[in-house]
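Take a look at the structure below.
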Amino acid sequence: MAGQGDGMGPASAADRDAMLASVYDELRQAAARLLRREAPFLTIQPTELVNEAALRVIRMDRMTWADRQHFFATGARILRQAMIDAIRQRRARKRQAPDVAIAGMDGDPGFDVEALDAALVRLEAVSPDMAQLVELRFFVGLSVPEIAELWQESESTVKRRWKAARLWLASELQPI
Amino acid sequence: MMSAEMRALAIVEEALGHDDAGDRTRLVLALCGDDAGLRARVEHLLALDGGDAPFLHTESFVRAFGLDDVVADRIGPYRVTGEIARGGMGTVVKAERDDGLFQQTVAIKLIRGDIATDAARERFAEERRMLARLRHPSIVRILDGGEHDDRPWLAMDFIDGLPVTEALARAQAPKSQRLAAFGAICEAVAHAHRALVIHADIKPGNVLMSDDGAVHLLDFGIARLVDDIGREVGHTPSPLTRAYAAPERGGGAPPTVASDVFGLGMLMVEMLAGRAPIGDLACVPGTRLPAGWLQGDLAAIAGRALAVAPEARYPDVAGLIEDLRRLGAHLPVRARSNPPWRYVAGLFVRRHRRGLALTGALIAMLAATSVVSTLFYWRADAERTEAEARFADARGAARYMIGTLMPRLESMPGALRLRAETAAAAQVYLERLSSSREASDEVRIETADGLLRLAQVQGRAGRPNLAQPERAEANLRKAEALLTPMEGPAARTLLAHVLYERVGLAAWMKGDQADAERLAERADAVFRSLPAPGPALTRSRARVLADLRGWQGRFADEIALADAGLTLIGPGASFEDGMDRFHLLGAKAEGVYYSGDTRQSLAIYRERLAFVQALRRQRPDDPFLRGAATVAAWEMAMNLMELKRTDEALAVLGPAETDAVAAVAFDPADDEAQRRLRVVRNARAQALGLNGQTDAALALLAQVRAEDARRQAADPTPRRTRDLVFDHVLVGEALDAAGRKREACAADGETLRLYDALSRRGLVMALDMANNVKLVKERLARNCPR
Numbered sequence: 001m002a003g004q005g006d007g008m009g010p011a012s013a014a015d016r017d018a019m020l021a022s023v024y025d026e027l028r029q030a031a032a033r034l035l036r037r038e039a040p041f042l043t044i045q046p047t048e049l050v051n052e053a054a055l056r057v058i059r060m061d062r063m064t065w066a067d068r069q070h071f072f073a074t075g076a077r078i079l080r081q082a083m084i085d086a087i088r089q090r091r092a093r094k095r096q097a098p099d100v101a102i103a104g105m106d107g108d109p110g111f112d113v114e115a116l117d118a119a120l121v122r123l124e125a126v127s128p129d130m131a132q133l134v135e136l137r138f139f140v141g142l143s144v145p146e147i148a149e150l151w152q153e154s155e156s157t158v159k160r161r162w163k164a165a166r167l168w169l170a171s172e173l174q175p176i
Numbered sequence: 001m002m003s004a005e006m007r008a009l010a011i012v013e014e015a016l017g018h019d020d021a022g023d024r025t026r027l028v029l030a031l032c033g034d035d036a037g038l039r040a041r042v043e044h045l046l047a048l049d050g051g052d053a054p055f056l057h058t059e060s061f062v063r064a065f066g067l068d069d070v071v072a073d074r075i076g077p078y079r080v081t082g083e084i085a086r087g088g089m090g091t092v093v094k095a096e097r098d099d100g101l102f103q104q105t106v107a108i109k110l111i112r113g114d115i116a117t118d119a120a121r122e123r124f125a126e127e128r129r130m131l132a133r134l135r136h137p138s139i140v141r142i143l144d145g146g147e148h149d150d151r152p153w154l155a156m157d158f159i160d161g162l163p164v165t166e167a168l169a170r171a172q173a174p175k176s177q178r179l180a181a182f183g184a185i186c187e188a189v190a191h192a193h194r195a196l197v198i199h200a201d202i203k204p205g206n207v208l209m210s211d212d213g214a215v216h217l218l219d220f221g222i223a224r225l226v227d228d229i230g231r232e233v234g235h236t237p238s239p240l241t242r243a244y245a246a247p248e249r250g251g252g253a254p255p256t257v258a259s260d261v262f263g264l265g266m267l268m269v270e271m272l273a274g275r276a277p278i279g280d281l282a283c284v285p286g287t288r289l290p291a292g293w294l295q296g297d298l299a300a301i302a303g304r305a306l307a308v309a310p311e312a313r314y315p316d317v318a319g320l321i322e323d324l325r326r327l328g329a330h331l332p333v334r335a336r337s338n339p340p341w342r343y344v345a346g347l348f349v350r351r352h353r354r355g356l357a358l359t360g361a362l363i364a365m366l367a368a369t370s371v372v373s374t375l376f377y378w379r380a381d382a383e384r385t386e387a388e389a390r391f392a393d394a395r396g397a398a399r400y401m402i403g404t405l406m407p408r409l410e411s412m413p414g415a416l417r418l419r420a421e422t423a424a425a426a427q428v429y430l431e432r433l434s435s436s437r438e439a440s441d442e443v444r445i446e447t448a449d450g451l452l453r454l455a456q457v458q459g460r461a462g463r464p465n466l467a468q469p470e471r472a473e474a475n476l477r478k479a480e481a482l483l484t485p486m487e488g489p490a491a492r493t494l495l496a497h498v499l500y501e502r503v504g505l506a507a508w509m510k511g512d513q514a515d516a517e518r519l520a521e522r523a524d525a526v527f528r529s530l531p532a533p534g535p536a537l538t539r540s541r542a543r544v545l546a547d548l549r550g551w552q553g554r555f556a557d558e559i560a561l562a563d564a565g566l567t568l569i570g571p572g573a574s575f576e577d578g579m580d581r582f583h584l585l586g587a588k589a590e591g592v593y594y595s596g597d598t599r600q601s602l603a604i605y606r607e608r609l610a611f612v613q614a615l616r617r618q619r620p621d622d623p624f625l626r627g628a629a630t631v632a633a634w635e636m637a638m639n640l641m642e643l644k645r646t647d648e649a650l651a652v653l654g655p656a657e658t659d660a661v662a663a664v665a666f667d668p669a670d671d672e673a674q675r676r677l678r679v680v681r682n683a684r685a686q687a688l689g690l691n692g693q694t695d696a697a698l699a700l701l702a703q704v705r706a707e708d709a710r711r712q713a714a715d716p717t718p719r720r721t722r723d724l725v726f727d728h729v730l731v732g733e734a735l736d737a738a739g740r741k742r743e744a745c746a747a748d749g750e751t752l753r754l755y756d757a758l759s760r761r762g763l764v765m766a767l768d769m770a771n772n773v774k775l776v777k778e779r780l781a782r783n784c785p786r
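Going line by line, the protein sequences match chains A and B.
The opening residue of the first sequence carries number 1 in this note's numbering; numbering runs sequentially from there.
The opening residue of the second sequence carries number 1 in this note's numbering; numbering runs sequentially from there.
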């Protein structure tokens with residue numbers, strides 16, 4: 001991990017790493033717990049979750065931007081995994097919970113979870129940046145300006161990349 | 001080396017920077033050059049823009065999980081017939097039970113269960129059962145519950161009504177009706193608090209008024225249930241109804257008795273002023289009472305409930321109810337003064353709010369963002385900490401109820417039933433403590449002490465008690481079992497206290513002298529084994545044993561024990577010491593009286609009556625002292641009658657009967673008060689008979705006997721049975737004094753028959769034999785034809 005904070009001694013760096021490890025662990029548990037149940041009201045806010053976890057790390061030693069990016073990338077991965085798992089589980093138990101269907105937002109047709117996951121894996125190979133952007137956007141719920149700030153890029157750049165990524169996913173997942 | 005797909009994506013990204021179609025095309029052509037495959041791929045991707053392919057309009061999946069809440073047609077044995085409301089916590093539907101057993105309309109709350117662990121669900125089920133036991137006419141009952149599709153649900157009474165403020169407005173209800181409705185709500189909340197359930201969200205929407213004017217509190221403890229579900233997710237401030245939330249809750253403090261008192265204050269303002277205290281209002285300083293909305297005592301009461309500082313509020317809803325009663329009875333309300341107990345209780349509430357609320361945070365509706373603080377609560381040892389916290393709560397709650405709440409309830413009108421309920425709640429906590437494997441010796445001693453005090457409340461004669469000798473006995477036995485294996489002096493001293501309490505209970509409440517004697521020997525054995533028994537124990541021993549010796553007719557011993565006890569009480573002693581002195585003077589006087597020196601005993605009785613009247617002047621409101629004065633007057637009057645000074649006796653008995661009547665009116669459930677009234681009336685009848693007013697005497701005796709027969713039939717305790725037989729003794733006496741020999745013979749014959757029956761059941765005491773039975777036999781010999 002690059003760019004450690006000024007004046008940070010080795011002891012606190014070790015502490016920070018331990019803290020990060022524990023935060024990720026908790027994040028994983030949190031996501032798993034949140035998604036384990038098939039409740040109709042699963043309105044979680046992973047953004048808050050990740051931000052809160054970040055706050056704890058930041059409080060301990062001022063987190064550098066690089067750390068932040070790394071942190072969010074990891075957090076997003078964790079949440080993506082948890083949510084995809086949850087959706088798979090729901091699918092598996094659909095018989096018991098007919099009301100659970102993964103609908104896209106705003107009239108989008110539904111999509112196939114396995115296909116999405118596979119597409120994301122492929123996107124990673126093509127453009128890791130875009131894959132991460134999709135994770136941050138889809139699974140953490142960070143807004144474009146937030147991602148722009150995190151990545152220290154212009155909003156228009158992020159917006160453009162986001163759109164390109166969605167077009168790419170759309171083509172991958174297009175109904176045959 | 002960039003793959004074709006990478007290049008395609010990079011070109012698409014760049015092309016998207018141009019909104020104009022012509023610009024885009026030119027850019028794509030320039031960047032793709034002569035790579036037709038690349039160009040086709042780029043154009044394919046760009047062609048999707050603006051279409052309806054998957055994801056193009058998806059911003060985030062985070063909200064995609066907020067699916068519609070589809071409610072099943074059937075939940076448990078209920079058929080869903082309609083929707084009542086939906087909110088962040090879940091959905092409320094109307095449903096019918098139609099399984100052929102009952103026809104019943106219910107409201108079913110489906111609670112979000114998405115975040116609950118199995119442990120939390122188990123607690124949910126446990127707490128639901130606890131809430132189901134919350135029975136009060138003004139609390140909407142939880143009827144049933146379970147899980148449906150992994151979602152916990154609760155079925156409760158369906159109430160056809162309006163929010164109370166709306167119903168009152170529509171009915172244009174007068175102030176008296178508004179106050180009555182508010183009082184009923186307070187009673188319901190107080191009832192729940194005694195069961196250690198905090199409402200946490202008192203507001204008009206949660207209080208419905210049906211057409212018949214009855215109020216129904218909704219969602220009692222639901223907050224708690226939801227919190228338990230959400231415990232894994234940590235503590236979050238609930239989305240409180242801001243206008244109704246106590247100020248400290250805004251700072252994230254957990255709901256407490258004090259915050260419910262505040263919620264009631266807000267409700268009171270809205271119910272009486274007819275408008276909602278919402279918005280930026282000028283308030284009475286130190287309170288959230290809008291200035292000028294209420295006047296006089298109403299303003300004082302609401303202001304105290306709405307004090308910004310929790311410790312300045314009524315310490316509990318019972319205090320609020322007391323003031324409402326005082327208001328109704330045109331007595332000065334306490335809100336205008338500063339009761340000394342307030343601070344103590346306030347302190348407790350602060351220190352033990354967890355115990356009182358049963359939980360640290362009651363969350364009415366779990367906001368989506370609540371996951372924020374989860375992370376802080378997931379620790380490997382969370383379970384253990386939780387168990388410890390609950391344990392400490394049980395201890396604190398029991399201590400509060402027995403040490404602070406119960407004594408205070410003693411001086412509240414009509415509080416006996418409340419005391420019984422409080423005692424029952426305390427009992428639950430003490431059971432939990434005494435059966436806990438975690439308990440240290442210290443906790444066991446404290447638990448035993450709690451059990452002893454509870455037993456005193458349940459059945460200590462001569463104090464306001466609940467007439468529950470069996471429960472008292474059971475608790476004393478439990479305390480004994482806890483203490484017996486322990487060695488230290490504190491445990492041994494307490495054990496002696498417990499055993500002496502059992503002596504008193506056996507002798508006085510149960511009338512079992514043999515058992516009392518055996519217990520006294522055991523108690524004395526413990527007492528003697530103590531290296532240095534304290535003065536409190538020594539005095540308790542003297543008091544209990546003096547009484548016992550009196551019952552056994554060993555009056556010299558009674559006097560000696562009483563004198564020994566009296567020497568332990570110094571001058572200028574405390575109130576509690578005063579109570580012991582009063583008791584010991586009584587024992588001494590009794591011993592002297594029954595020894596035959598009725599002049600000396602009269603002097604002691606006179607001293608005793610003067611002493612208790614002096615105490616009463618110190619504490620005019622104390623209902624116990626009123627009872628004590630009645631007893632002292634009665635005993636002195638009996639002594640006066642013995643000396644044939646019937647006029648003086650009647651003069652003493654008049655005010656005593658007035659006091660006794662007032663005591664019964666003060667709390668009709670007070671067994672001791674009823675007993676005192678019958679004793680005083682019997683004495684006055686005796687005095688009237690001795691004074692030649694035989695018919696008046698017989699009429700009064702008949703009144704007492706009818707009342708005693710009713711009480712005995714309702715609950716044939718040994719004491720009530722003995723009381724009823726004693727009533728018969730007096731009838732014979734009055735007839736004998738009037739020279740109506742034939743009637744006296746018949747009455748006394750019946751009395752002796754009753755004593756025989758009592759004797760066969762082992763209920764006749766030495767004192768009965770030596771005095772009453774002997775008297776009756778003498779009269780029979782005199783009045784019956786040979």
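In this text, a Cβ means the ideal position worked out from N, Cα and C, and glycines have one as well.
- For residue 154/B, no CB of chain A lies under 9 Å from its own CB, so it is not counted at the interface with that chain.
- The C-beta of residue 121/A has fewer than 16 other C-beta atoms within 10 Å across all chains shown, which makes the residue exposed.
- Burial is judged here by how many other beta carbons sit within 10 angstroms of a residue's own beta carbon; residue 575/B has fewer than 16 and is exposed.
- A distance below 9 Å separates the beta carbons of residue 657/B and residue 677/B.
- Bounds of the beta strand (DSSP E) holding residue 147/B are 142-148.
- At a cut-off of 9 Å between beta-carbon atoms, residue 150/A makes no contact with chain B.
- Nearest C-alpha to residue 14/B among 34/B, 3/B and 45/B: 45/B.
- In the pairwise beta carbon analysis, the segment 134-150 of chain A is classified as not touching the segment 24-31 of chain B: fewer than three pairs are separated by under 8 Å.
- The segment 744-757 of chain B makes no contact with the segment 703-714 of chain B; the number of CB pairs closer than 8 Å stays below 3.
- CA-to-CA, the gap between residue 769/B and residue 321/B works out to about 48 Å.
- Close to residue 121/A, with beta-carbon spacing below 8 Å, lies no residue of chain B; the smallest spacing is near 14 Å.
- Chain-order list of chain A residues neighbouring residue 145/B: empty, with the shortest C-beta distance near 17 Å, by a criterion of under 8 Å.
- Taking CB atoms only, residue 148/B has no neighbour in chain A less than 9 Å away.
- For residue 17/B, the C-beta contacts it makes with chain A under 8 Å involve 156 and 160, in order along the chain.
- Counting of Cβ neighbours within 10 angstroms places residue 218/B among the buried residues, the total reaching 16 or more.
- Of all residues in the segment 6-30 of chain B, only 6, 9, 12, 13, 16 and 17 come within less than 7 Å of chain A when Cβ atoms are compared, listed by chain position.
- At least one CB of chain B lies nearer than 9 Å to the CB of residue 165/A.
- The secondary-structure analysis by DSSP pairs residue 316/B with nothing; it has no beta-bridge partner.
- When DSSP reads this structure, residue 213/B sits in no beta bridge, so it has no partner.
- Taken through DSSP and simplified to helix, strand or coil, residue 621/B comes out as coil.
- The beta carbons of residue 724/B and residue 709/B sit about 6 Å from each other, so the pair counts as a contact at 8 Å.
- If you look at residue 735/B, you'll find it in the alpha helix (DSSP H) that goes 718-737.
- Listed by position along chain A, the residues whose Cβ is nearer than 9 Å to that of residue 38/B form an empty set, because the closest Cβ is around 13 Å away.
- If you compare the alpha carbons of 562/B, 489/B, 599/B and 454/B with that of residue 583/B, the shortest gap goes to 562/B.
- Among the residues of the segment 532-544 of chain B, none has a Cβ less than 8 Å away from any Cβ of chain A.
- In this structure, the alpha-carbon of residue 166/B lies about 39 Å from that of residue 670/B.
- The CB of residue 440/B never comes closer than 7 Å to any CB in chain A; the least such distance is about 33 Å.
- Burial of residue 502/B is indicated by the presence of at least 16 other C-beta atoms within 10 angstroms of its C-beta.
- In this structure, the alpha-carbon of residue 500/B lies about 49 Å from that of residue 287/B.
- Distance between residue 316/B and residue 610/B, taken at the CA atoms: about 36 Å.
- In this structure residue 509/B is buried. Its beta-carbon is surrounded by 16 or more other beta-carbon atoms within 10 angstroms.
- By the Cβ criterion, the segment 680-692 of chain B is in contact with the segment 730-739 of chain B, since at least three pairs of Cβ atoms, one from each stretch, lie closer than 8 Å.
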